[in-house]
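Undergrad: Heads up: the sequence shown is residues 1 to 105, going by the UniProt record's numbering. This structure is in structure tokens; I'll ask about it shortly.
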Amino acid sequence: MADRASASLRHRSVFVDTAPRPAWQPPKRARPDSERRPPSAWLSALPWLMAVATAMALLAGGLHMARTNSSAPHRAAAAVDFQTYVQDWERHHVPGLSQLSVSVV
Numbered sequence: 001m002a003d004r005a006s007a008s009l010r011h012r013s014v015f016v017d018t019a020p021r022p023a024w025q026p027p028k029r030a031r032p033d034s035e036r037r038p039p040s041a042w043l044s045a046l047p048w049l050m051a052v053a054t055a056m057a058l059l060a061g062g063l064h065m066a067r068t069n070s071s072a073p074h075r076a077a078a079a080v081d082f083q084t085y086v087q088d089w090e091r092h093h094v095p096g097l098s099q100l101s102v103s104v105v
């Protein structure tokens, strides 16, 4: 019986945790706004930086559109060609279409 008890204690001693535990401390409260640190200068300048970046992007986009608009005469010529194509198609096909009668019941 003694062997059995000593074996049981020996077995339990393997799982004994002897690491020191820190003392209990109360939870920390959040600091009131009056004690908080002010935000960094970079964060306070962030809205201005965003506004400047947006203005620069819009300016760059406008300059790009102004440069690429030089192909407007080519687009205008293509539009005239398409308009003449549509007019020719209408001249050939619309008279035949107007002779058709559709009755709606």
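For each residue, glycine too, the CB sits at the ideal point set by N, CA and C.
1) For P73, which residues of its own chain have a beta-carbon under 8 Å away from its beta-carbon, when the five flanking residues on both sides are left out?
2) Determine the direct distance from the alpha carbon of P47 to that of A53, and round the result to whole angstroms.
3) Assuming P47 is part of the alpha helix (DSSP H), what are its boundary residues?
TA: Reading off the structure:
1) Numbered from 1 along the sequence shown, position 73 holds the residue referred to as residue 73. Answer for P73: no residue qualifies.
2) Locating residue 53 in the sequence shown gives position 53, where the first residue counts as 1. Locating residue 47 in the sequence shown gives position 47, where the first residue counts as 1. Near 10 Å, if we compare the C-alpha coordinates of P47 and A53.
3) For this step, residue 47 is matched to residue 47 along the sequence shown. Taken as a continuous stretch (DSSP letters only), the alpha helix (DSSP H) holding P47 covers L46 to T68.
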